[in-house]
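Enquirer: Following numbering that gives the first Met the number 0, the numbering of the sequence shown begins with 0 at its first residue and continues without gaps.
Below: one structure in structure tokens.
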Amino acid sequence: MLASIQRVAWNQARRWASTINPAEQAKFAALAPSWWSADSPAAALHALNPARVKFIALAYASAQANAGLAPNHASARVLDVGCGGGVLAEPLARLGFGSVKGIDISQANVDAARAHASSTMAVGSGIGSLEYEAIAAEDHVAKYPDQLFDVVVASEVIEHVADVPLFVSSLASLVAPSGTLVISTLNRTALSYATAIVGAERVCRILPEGTHDWNAFLTPDELEAHFDAAGLDLGLIAGMIPDPIERAFTLHPDHLSINYIAAATPRPAQL
């Protein structure tokens, strides 16, 4: 009963609030035709996948263990928030999670994700179900008040939203009591400015200039504070560093100065 009352109060409080930044929405909707192109700006997200998928699997197992449960991928439900063209959602379904849902505020991106999945994904042989919907996180909470997920992921998204506290609280509302929230983003450091802004956008042109706003990056301490305010406890955290030989990112426990990924779990209710 208390949880239901809290959720109603939360819905009323956010009725006129939104995490959607229209400029960012338009920017990423423009990527719809090229999410799966090897030479598109989305290539950097593909390179992050080995590290992201490994970390998400570890975070899920850790959360289940903390709850005294054995991990069961076949029955686990995953929500990928800000899924774009499905670059991360598809590998998570292939990992064997029973149900993966990707949501994005751009209908064009959702259409692109569905089109790609229909041509490459087939449920069975250890591949979980995969679905998409064009909806914001806070609207998903309101529309599906009883839907909770074992893993909620928002990867490379938080730095693009209009209201970070609302975004994190929305994500927290979607996490099952024994689940985990995983967020990856960029740290706000001199090194991240030099690499992600100057190097990737202005010099190497890996990303279009203006893809990121350095001032919107979050330090790990700031992210942990948002977790805490949303009733979550920080658990795992790791840096993601590029491997030039593999042309992909790998996890590193200490190198948090540029890309990093963190997992938090719901704080046990105080009786």
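Cβ atoms here follow ideal geometry from the backbone N, Cα and C, with glycine treated the same way.
Since this is a predicted model, take the numbers as computed values, not measurements.
#1: Among the candidates Ala75, Ser177, Leu91 and Asp138, whose CA atom is the shortest distance from the CA of Ile19?
#2: I'd like to check one pair, Thr188 with Gly234: are the Cβ atoms closer than 9 Å?
#3: Does DSSP put Thr264 in a helix, in a strand, or in coil?
#4: What does a CB cutoff of less than 7 Å around Ala43 pick up in its chain, not counting 5 residues either side in sequence?
#5: How about Ala62 and Val152: do their beta carbons lie closer than 9 Å?
#6: Going by Cα to Cα distance, which pick from Pro49, Tyr259, Arg76 and Ile126 is closest to Leu94?
#7: Could you spell out the range, first to last residue, of the beta strand (DSSP E) harbouring Glu272?
#8: Do Ala50 and Leu250 have their C-beta atoms closer together than 9 Å?
#9: Near Trp215, which residues of its chain fall below 6 Å by C-beta distance, leaving aside the five closest residues on each side in sequence?
#10: Is the separation between the beta-carbon of Ala261 and that of Ala237 shorter than 9 Å?
#11: Please confirm if the region 26-40 is in contact with the region 77-87, defined as three or more CB-CB distances below 8 Å between the two stretches.
#12: I'd like the list of long-range same chain contacts for Ala199, defined as Cβ closer than 7 Å, with 5 residues on each side in sequence excluded.
#13: So, is Ala268 buried or exposed, given that buried needs 16 or more other C-beta atoms within 10 angstroms?
#14: Could you check what DSSP says for Gly198 in three-state terms: helix, strand or coil?
#15: From the DSSP secondary-structure annotation, give me the bridge partner or partners of Thr184.
#16: Since Val99 and Leu68 are thought to touch, with beta carbons under 8 Å apart, how far apart are those beta carbons, to the nearest angstrom?
#17: Which whole runs of the beta strand (DSSP E) in the region 67-109 are 3 residues long or more, in chain order?
#18: Where does Leu250 sit, in a helix, a strand or coil, going by DSSP?
#19: Beta-carbon separation of Ile55 and Val174 under 9 Å?
Expert: So, from the listed chains and residues:
#1: Closest in C-alpha terms to Ile19, from the list Ala75, Ser177, Leu91 and Asp138, comes Asp138.
#2: No, these two residues do not count as a Cβ contact at 9 Å.
#3: Correct three-state label for Thr264: strand.
#4: Answer for Ala43: Ile205 and Leu206, listed in chain order.
#5: No; because the gap between Cβ atoms is not below 9 Å, this pair is not in contact.
#6: For Leu94, the nearest C-alpha among the options comes from Ile126.
#7: As displayed, the chain neither begins before 0 nor continues past 270, which places residue 272 out of reach and without an answer.
#8: One thing to note: Ala50 has its Cβ within 9 Å of the Cβ of Leu250.
#9: The question names Trp, but residue 215 is Ala in the sequence shown. Counting only Cβ-Cβ distances below 6 Å, and skipping sequence neighbours, we find Glu158.
#10: Yes.
#11: Touching, yes.
#12: The residues are Ile205 and Leu206.
#13: Of the other Cβ atoms in all chains shown, fewer than 16 fall within 10 Å of the Cβ of Ala268; this residue is therefore exposed.
#14: Three-state result, Gly198: helix.
#15: Thr184 has Tyr259 as its beta-bridge partners, per DSSP.
#16: At roughly 20 Å, the Cβ-Cβ gap does not stay under 8 Å, so Val99 and Leu68 are not in contact.
#17: Listed in chain order, they are 76-80 and 98-103.
#18: Three-state result, Leu250: strand.
#19: Their beta carbons are not under 9 Å apart, which means Ile55 does not touch Val174 by this criterion.
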